[in-house]
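*Asks:* Residue numbers (the numbering used here): 56 to 352.
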């Protein structure tokens with residue numbers, strides 16, 4: 056009896072082991088598939104200037120697009136041939152679904168690295184940028200703190216985690232739109248007295264279009280500063296594609312490329328990027344490809 060149970064246990068372990076190896080091999084093949092077809096399919100933003108936007112000719116450009124171009128060059132060097140980039144425009148409400156559904160291989164799309172999201176997609180380490188949450192409000196809105204958003208019509212983006220955490224919980228009436236352009240129009244048209252979003256989106260607008268936004272300012276304290284993460288499919292995070300993306304981000308921090316791109320796109324210098332460059336060059340564990348205590352949000 057014992058021998059039979061032992062045989063069954065060994066057989067089940069063997070099956071489980073085979074399944075694990077098969078799954079690992081399947082996802083290890085994602086990068087091989089990219090090399091075979093000569094193309095990386097990546098999710099990008101086109102509604103979040105200057106990280107992702109459309110230029111005068113309708114071409115999607117921006118800081119994250121430059122990062123993707125550099126990553127494609129790195130993959131090309133590994134493959135020994137040119138790896139082209141096919142861009143699929145995503146928004147906050149569908150970027151993770153597109154990755155899960157296999158419509159894209161990865162994305163770099165202004166996504167905050169939150170714990171719940173790491174259960175759905177493979178967010179790689181280290182993070183590449185960081186931002187906080189605030190309300191950009193009209194000068195006559197009466198908003199001067201988080202407490203004063205109560206009862207006010209505030210515009211937001213569908214799928215943004217802070218609509219609930221910092222809008223609804225403070226008593227604001229959130230009017231959610233699918234994309235940034237719709238929110239921007241609603242705010243400028245006066246349908247909302249403020250805009251709940253990343254402070255990183257407000258600063259370039261105030262810098263690059265001061266006349267357009269002259270009646271608006273960041274009216275609340277910036278809270279919930281959270282780094283941004285690039286993502287592959289969940290099982291790809293520890294596979295070759297995820298490792299290659301982590302390797303690239305580490306190199307971007309060490310070389311100062313991200314700081315140069317920030318300057319190129321007119322983004323005010325951030326302390327977070329400067330500190331990350333120092334930490335990465337000093338060998339700090341926050342700049343490796345693994346999650347450690349204290350790196351969870």
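Glycine residues also receive a C-beta, built at the ideal position from the N, C-alpha and C atoms. In this text, all values refer to a predicted model and were calculated from it rather than measured experimentally.
Would the beta-carbon of residue 212 fall within 8 Å of that of residue 222?
*Replies:* Cβ distance not < 8 Å, so residue 212 and residue 222 don't count as in contact.
*Asks:* Kindly indicate the opening and closing residues of the alpha helix (DSSP H) around residue 308.
*Replies:* Unbroken alpha helix (DSSP H) run through residue 308: 295 to 310.
*Asks:* Pull the bridge partners of residue 104 from the DSSP assignment, please.
*Replies:* Residue 104 pairs with nothing; no bridge assigned.
*Asks:* Go ahead and pull the three-state DSSP assignment for residue 206.
*Replies:* coil
*Asks:* For the alpha helix (DSSP H) holding residue 327, just list the boundary residues, first then last.
*Replies:* 326 to 336
*Asks:* How about residue 283 and residue 186: are their beta carbons less than 8 Å apart?
*Replies:* Yes, the Cβ-Cβ distance between residue 283 and residue 186 is below 8 Å.
*Asks:* Going by alpha carbons, who is nearest to residue 274 out of 191, 239 and 233?
*Replies:* 191
*Asks:* Look up residue 121 in the DSSP assignment and say whether it is helix, strand or coil.
*Replies:* helix
*Asks:* Any idea what DSSP makes of residue 253, helix, strand or coil?
*Replies:* strand
*Asks:* Are the CB atoms of residue 297 and residue 179 within a distance shorter than 8 Å?
*Replies:* yes
*Asks:* Which of helix, strand or coil does DSSP assign to residue 109?
*Replies:* When DSSP states are grouped into helix, strand and coil, residue 109 belongs to the strand group.
*Asks:* Pop quiz: residue 316 and residue 118 are said to be a contact at Cβ under 8 Å. What is the actual Cβ separation, rounded to whole angstroms?
*Replies:* 5 Å
*Asks:* Over what stretch of residues does the beta strand (DSSP E) that includes residue 94 continue unbroken?
*Replies:* 94 to 99
*Asks:* Which of the three DSSP states, helix, strand or coil, is assigned to residue 127?
*Replies:* helix
*Asks:* Do residue 289 and residue 176 come within 8 Å of each other at the CB atom, strictly closer than that value?
*Replies:* yes
*Asks:* Where residue 300 and residue 101 are concerned, what is the direct C-alpha to C-alpha distance, given to the nearest angstrom?
*Replies:* 21 Å
*Asks:* Let me confirm a value: residue 194 is counted as buried when at least 16 other C-beta atoms fall within 10 Å, else exposed. Which label applies?
*Replies:* exposed
*Asks:* On the DSSP bridge assignment, give the partners of residue 161 in chain order.
*Replies:* 97 and 287
*Asks:* Buried or exposed for residue 199, please, with buried defined as at least 16 other CB atoms from any protein chain shown within 10 angstroms of its CB.
*Replies:* With fewer than 16 Cβ atoms within 10 Å of its Cβ, residue 199 is classed as exposed.
*Asks:* With distances taken from CA atoms, which of 335, 321, 95 and 228 is nearest residue 260?
*Replies:* Here the closest residue by C-alpha is 321.
*Asks:* Check whether the Cβ atoms of residue 97 and residue 160 lie closer than 8 Å to each other.
*Replies:* With respect to residue 160, residue 97 sits close: the two C-beta atoms are nearer than 8 Å.
*Asks:* Under 8 Å between the Cβ atoms of residue 218 and residue 251?
*Replies:* yes
*Asks:* In the DSSP assignment, find the unbroken beta strand (DSSP E) run with residue 191 in it and report its ends.
*Replies:* Element bounds for residue 191: 184 to 193.
*Asks:* Do the CB positions of residue 164 and residue 145 come within less than 8 Å of each other?
*Replies:* Yes, Cβ-Cβ distance for residue 164 and residue 145 is below 8 Å.
*Asks:* Using the C-alpha atoms, what's the distance from residue 114 back to residue 90?
*Replies:* 25 Å
*Asks:* Residues in the same chain with beta-carbon distance under 6 Å from residue 184, minus the five sequence neighbours each way, listed in chain order, please.
*Replies:* Excluding positions up to five away in sequence, the list reads 283.
*Asks:* In this structure, does DSSP put residue 363 in helix, strand or coil?
*Replies:* Nothing in the structure corresponds to residue 363, since the chain is present only between 56 and 352.
*Asks:* Under the DSSP definition of a beta bridge, which residues are partnered with residue 274?
*Replies:* Its beta-bridge partners do not exist; DSSP assigns none.
*Asks:* Between the beta-carbon of residue 341 and the beta-carbon of residue 334, is there less than 8 Å?
*Replies:* yes
*Asks:* Between the Cα of residue 129 and those of 93, 220 and 278, spot the shortest distance and give me the residue it belongs to.
*Replies:* 93
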